[in-house]
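Visitor: Protein chains in written order, with our numbering: chain F, 934 to 1041; chain Z, 934 to 1041.
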DNA sequence: TCGCTAGATAGCTATATGGCTAAATAGCGG
DNA sequence: CCGCTATTTAGCCATATAGCTATCTAGCGA
């Protein structure tokens, strides 16, 4: 996790709309328009928030017909933020890797 | 943890200088000048960063003679950030509360 | 009290951010 | 291809941010 990666992630997290978008994506992917409809701001503004989240590597996009579906990039948020937390208050945070993916990790 | 509390914390974390300050404070309190001397920017700029961190509740200040000592507010960072993480990827983060309220100061 | 040191505050400037509207692009159905 | 829907991109504007210098405040020691 390079330092400028952390930078883009924390910049992305600085905006409440973007934090809410991440939260909304927790239950699964959503189309850009579905996301936009949950906020009082206009589509283009939401679109830019999504672009910022994507640039930070926090979300992925996928085209589905004429919609663009956004989804969380698994682990990315926890790893970036967790790495930072571990440099400031390591005794307080424990990161757990997801098991839903088949990524085999060491025999513990 | 009110939402605007999270807002001030994440805003504070958005700046790399402020993240570094938090990191530097990990080993114990530091005078404003000691902190400033670690950065290429001028004193007043650092002073404002410290004020922002303090407003976010992430650091505390204490006067010692003619110096002002800054220190981490224990738990605050982990609790704020951890609460947010738990709303996005709860299965990945485990928060461990500190066991003692002792202030970590130079043990040597 | 005076002068020194440590920091904070005031005020300025350039850049970044986040909102908007209008226009461009992408895919779909006829 | 045309028109429609979905979304991004382009530009514009107001506000926020982060840096700077100059100045003010607080506490110390002679």
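The beta carbon of each residue, even a glycine, is placed where N, CA and C say it ideally should be.
Can you tell me which residues form a DSSP beta bridge with residue 964 of chain F?
Guide: Paired residues: F:1002.
Visitor: Quick check on residue 944 of chain F - is its C-beta less than 8 angstroms from some C-beta in chain Z?
Guide: At least one chain Z Cβ lies under 8 angstroms of residue 944 of chain F.
Visitor: What is the DSSP secondary structure of residue 1028 of chain Z, reduced to helix, strand or coil?
Guide: Reduced to three states, the DSSP call for residue 1028 of chain Z is strand.
Visitor: For residue 937 of chain Z, name the three-state secondary structure that DSSP assigns.
Guide: Residue state, collapsed to three classes: helix.
Visitor: Quick one, are the C-beta atoms of residue 955 of chain F and residue 1010 of chain F less than 8 angstroms apart?
Guide: In this structure, residue 1010 of chain F lies closer than 8 angstroms to residue 955 of chain F by Cβ.
Visitor: Who does residue 1021 of chain Z pair with in a DSSP beta bridge?
Guide: The partner list for residue 1021 of chain Z (beta bridge, DSSP) is empty, contrary to what the question assumes.
Visitor: With 8 angstroms set as the bound, which would you pick, yes or no: does the beta-carbon of residue 1010 of chain F sit closer than that to a beta-carbon of chain Z?
Guide: Closer than 8 angstroms to some Cβ of chain Z, the Cβ of residue 1010 of chain F qualifies, so yes.
Visitor: By the 8 angstroms beta-carbon criterion, what residues does the segment 1015 to 1032 of chain Z contribute toward chain F?
Guide: Listed in sequence order: 1015, 1017, 1018, 1020, 1021, 1022, 1024, 1025, 1026, 1027, 1028, 1029, 1030, 1031.
Visitor: What's the gap between the Cα of residue 943 of chain F and the Cα of residue 965 of chain Z?
Guide: Near 24 angstroms, if we compare the C-alpha coordinates of residue 965 of chain Z and residue 943 of chain F.
Visitor: Which chain F residues are close to residue 947 of chain Z, counting only those with a beta carbon under 7 angstroms from its beta carbon?
Guide: Correct list: 943, 944, 947.
Visitor: Pick from F:958, F:952, F:945: whose alpha carbon is nearest that of residue 1017 of chain Z?
Guide: Closest option to residue 1017 of chain Z, Cα to Cα, is F:952.
Visitor: In the DSSP output, what is residue 997 of chain F paired with across the bridge?
Guide: Bridge partners of residue 997 of chain F: F:1000.
Visitor: What residues from chain F crowd round residue 955 of chain Z, counting only those whose CB sits closer than 8 angstroms?
Guide: Under the 8 angstroms cutoff, chain F gives 1021.
Visitor: Which term fits residue 1015 of chain F, buried or exposed, when burial requires 16 or more other beta carbons within 10 angstroms of its beta carbon?
Guide: Answer is buried; the Cβ neighbour count reaches 16.
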